[in-house]
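So the structure is just underneath, and the comments pick up after that.
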Amino acid sequence: MTVLASIADLAVTYRRAPQPALTGVSLDIEAGEILAIIGESGSGKSTLARAIAGLLPERTSVAGHLAWPGLDGAPRAGRDIGYVFQDPGSSLNPVLAIGEQAGEGARRHLGLDRRAADAEAVRLLARVHLPEPERIARAYPHQLSGGQRQRVAIAAAIAARPRLLIADEVTSALDVLVQAAIVELLVELVRADGMTLVFVTHDLALASGIADRVAMMAGGRLVELGPTSEVVGMPKAAETAALVAAHIDLATPPLIGEAS
Amino acid sequence: MTEQLLVARDLRRSFTSGGRHVLALDGVSLTIAPGETLGLVGGSGCGKSTLARVLTRLMAPEAGSIAFMGEDWLALDGARLRAARRQMQMVFQDPLAAFNPRATVGGVIADALRIHAVVPRAERPKEVARLVERVGLPSDLLGRSIREISGGQRQRVAIARAISVRPRLVILDEAVSALDVSVRGRILELLVGLQRETGVGYLFVSHDLAVVRAVSHRIAVMAAGRIVEEGPAARVIAAPSSDVLIDLIGAVPRLNRNPRS
């Protein structure tokens with residue numbers, strides 16, 4: 021396995037924050053893997069994802085090292101790294117046609133002209149399994165459902181054919197039926213293109229279905245890192261064990277007794 | 516068989532959305548008994564939140580009837596409606612939107628006790644402290660602004676407020692969906708414990724079938740404005756008959772110890 025990104029002793033403190041959001045995080049991201057970053061609210065999982073993508077706000081204090089041995093030089097956001105956010109309602113531009121947003125990465129980073137980019141946008145919309153991609157390319161975000169908007173955001177994120185795709189809580193605003201379909205789409209795309217996927221979520225069960233490795237964050241620290249089967253099957257950190265214990269599925273004993 | 520707490524018959528409600536006529540409730544009937552939890556599941560847009568809003572009278576149905584504690588719930592008004600409202604409380608997904616943003620934790624609960632005159636004025640502070648403790652919040656949170664506390668803590672305040680007036684029925688619309696998994700477990704245990712103590716009935720609305728199954732005696736499945744199947748929780752899940760329930764069962768994430776093997 022070759023290392024795509026190498027993170028050493030990363031610490032992040034937001035401006036005016038009393039506490040660091042991340043402390044002493046060291047982690048290698050292997051090329052081609054699906055790495056899940058798991059944690060509850062405030063654990064630092066999104067801060068870590070944003071630090072990797074270079075998307076931290078200005079005047080954030082960052083210490084430690086982030087190296088990209090798998091790339092020729094520093095990554096260019098949008099080119100080498102695609103980022104999909106939780107809420108496509110706010111990450112998509114409401115007054116720009118879907119096709120322009122999906123094709124922007126191809127126009128800007130692959131040097132396609134307007135017409136080629138338009139055609140590429142339709143191809144991308146078809147790749148994320150949107151029905152009638154030509155029609156959707158001319159539509160606006162408000163005319164689509166939440167799940168369809170998230171598919172558009174994914175199409176835009178992969179437009180420049182990045183090496184790394186970061187999906188930051190991309191399914192938590194969606195209902196469970198749509199959630200399953202979006203996760204399936206991400207796996208299909210990264211496997212087909214040999215992309216690396218960093219999948220940030222609070223849902224260990226959801227991640228366990230797709231991830232090669234799990235990084236467990238708590239209190240701004242990386243508390244456990246390992247192959248998914250080991251982390252889920254024999255959790256070492258108390259925080260991971262608590263998440264495994266709190267999992268509810270259809271095999272969990274009900275909290276109520278039998279109906280009277 | 517005890518008398519039903521809530522009996523809804525043939526509720527109808529439609530909307531016009533983007534020039535299209537949508538039947539959000541297309542003849543929905545359901546019952547909830549005292550001390551019972553009815554789980555209501557379905558995908559987005561199936562009409563489950565509309566049903567919660569119609570039952571709580573936040574929205575009027577176009578047709579149908581609702582009997583609550585034996586009274587014609589839709590015909591109540593004035594003082595009798597206010598008195599009956601105390602018996603049916605609700606908790607939503609985002610409690611921040613449901614609070615006065617300038618309120619304190621203690622103030623939110625004290626207001627509910629005052630409005631519905633649950634306990635004599637002199638006993639109010641003690642009752643507020645008891646409720647805050649009951650939902651597992653530290654007492655030093657009482658003076659804090661509702662905006663300064665975490666989402667999980669805020670959802671506990673919403674539950675404390677809902678139960679403070681000792682209702683017979685609480686309608687929970689995606690009440691735990693936005694919470695961290697560890698917090699979610701404690702809130703569910705809290706709800707079940709309160710039901711054992713007080714015999715309160717719940718309508719538990721969620722898209723998360725696993726959570727609904729954990730707390731519900733019966734489950735109703737909604738699709739396109741209709742209840743497509745309904746029955747005891749274990750039986751409904753063991754033998755699903757509708758496409759939507761089969762899909763919902765398939766979409767429940769399982770902890771997979773051997774990914775892609």
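Each protein sequence line maps, in turn, to chains A and B. Counting in the numbering used here, the first sequence runs from 21 upward without gaps. Counting in the numbering used here, the second sequence runs from 516 upward without gaps. Built from N, CA and C at the ideal position, the CB exists for glycine as well.
Residue i in three-state terms, based on DSSP
i, result
"S688/B", "In the sequence under discussion, the amino acid at residue 688/B is Asp, which differs from the Ser named in the question. D688/B: strand per DSSP, three-state reduction."
"H222/A", "coil"
"A632/B", "coil"
"A3/A", "No information on residue 3/A is available, as it lies outside the stretch 21 to 280 that chain A covers here."
"Q39/A", "coil"
"G716/B", "strand"
"T680/B", "One point to set straight first is that residue 680/B is Val, not Thr, in the sequence displayed. The answer is coil: DSSP assigns V680/B none of H, G, I, E or B."
"V759/B", "helix"
"S111/A", "helix"
"E244/A", "strand"
"R733/B", "strand"
"I501/B", "Only positions 516 to 776 of chain B appear in the structure, and residue 501/B is not among them; the question remains open."
"E120/A", "helix"
"S721/B", "strand"
"P774/B", "With a pLDDT of only 46 at P774/B, under 50, the local geometry of the prediction cannot be trusted, and no value is derived from it."
"I58/A", "strand"
"G579/B", "strand"
"I27/A", "strand"
"E278/A", "Because E278/A sits at a pLDDT of 49, beneath the cut-off of 50, its placement in the model cannot be relied upon, and the following sentence gives the value as read from the coordinates. Three-state result, E278/A: coil."
"Q604/B", "strand"
"A193/A", "coil"
Element boundaries [beta strand (DSSP E), containing residue i]
i, result
"S532/B", "L521 to S532"
"A539/B", "R535 to I547"
"L86/A", "S81 to A87"
"G102/A", "I101 to V104"
"T619/B", "Here T619/B belongs to no beta strand (DSSP E), and DSSP marks it neither H nor E."
"A235/A", "R233 to A238"
"D188/A", "L184 to D188"
"T552/B", "T552 to V556"
Chain-ordered neighbours of residue i on chain B, where CB pairs are closer than 9 Å
i, result
"E60/A", "D695, V696, S697 and V698"
"D223/A", "V696 and P768"
"I276/A", "T552, V707, Q710, R711, A729, V730, S731, H732 and A748"
"V264/A", "L770"
Straight-line gap, residue i to residue j (C-alpha atoms, nearest Å)
i, j, result
"R70/A", "P77/A", "9 Å"
"L75/A", "R96/A", "11 Å"
"A227/A", "A83/A", "29 Å"
"G700/B", "D688/B", "17 Å"
"S165/A", "S721/B", "19 Å"
"P549/B", "F583/B", "11 Å"
"G613/B", "V633/B", "The amino acid occupying residue 613/B in the given sequence is Ala; Gly does not appear at that position. Their Cα atoms are separated by approximately 21 Å."
"V647/B", "S654/B", "7 Å"
"L462/B", "I547/B", "No information on residue 462/B is available, as it lies outside the stretch 516 to 776 that chain B covers here."
"E704/B", "T552/B", "13 Å"
"E663/B", "S697/B", "20 Å"
"P755/B", "I761/B", "6 Å"
"V726/B", "L770/B", "15 Å"
"I268/A", "R669/B", "22 Å"
"V196/A", "G167/A", "11 Å"
"P768/B", "H162/A", "29 Å"
"I276/A", "R711/B", "9 Å"
Partners in chain B for residue i, counting only beta-carbon separations shorter than 8 Å
i, result
"H149/A", "Going along chain B, no residue has its Cβ under 8 Å from H149/A, so there is no contact; the nearest lies around 17 Å."
"L226/A", "P768"
Under 7 Å from the C-beta of residue i: neighbouring residues of chain B
i, result
"Q170/A", "Neighbours of Q170/A on chain B: none; closest Cβ ~13 Å, over 7 Å."
Segment limits, alpha helix (DSSP H) that includes residue i
i, result
"R70/A", "K65 to A73"
"R778/B", "Nothing in the structure corresponds to residue 778/B, since chain B is present only between 516 and 776."
"R600/B", "G593 to R600"
Contact set between residue i and chain A, taken where Cβ atoms lie within less than 8 Å
i, result
"I764/B", "L270"
"V726/B", "I268"
"I752/B", "L270"
Within chain A, the residues that residue i reaches when beta carbons sit closer than 9 Å
i, result
"S559/B", "S165, G166, G167, L194, D195, L197 and V198"
"G666/B", "S61"
Partners in chain A for residue i, counting only beta-carbon separations shorter than 7 Å
i, result
"E704/B", "L275"
"H722/B", "D195 and V196"
For the stretch 35-46 of chain A, enumerate the residues whose C-beta is nearer than 9 Å to any C-beta of chain B, in chain order. The residues in question: there are none.
Contact set between the stretch 179-197 of chain A and chain B, restricted to residues whose Cβ is under 7 Å from the partner: Those residues of the stretch 179-197 of chain A that come within reach of chain B (Cβ to Cβ, closer than 7 Å) are D195, V196 and L197.
Which residues, in chain order, does the stretch 538-549 of chain B contribute to contact with chain A at a C-beta distance below 7 Å? Flagged: no residues at all.
Select from the stretch 128-146 of chain A all residues with a C-beta closer than 8 Å to any C-beta belonging to chain B, and list them in chain order. The stretch 128-146 of chain A vs chain B, Cβ under 8 Å: nothing.
Residues from the stretch 229-254 of chain A in contact with chain B, defined by Cβ distance under 8 Å: For the stretch 229-254 of chain A, which is checked against every Cβ of chain B, the residues closer than 8 Å are G229, I230, A231, D232, T248, S249, V252 and G253.
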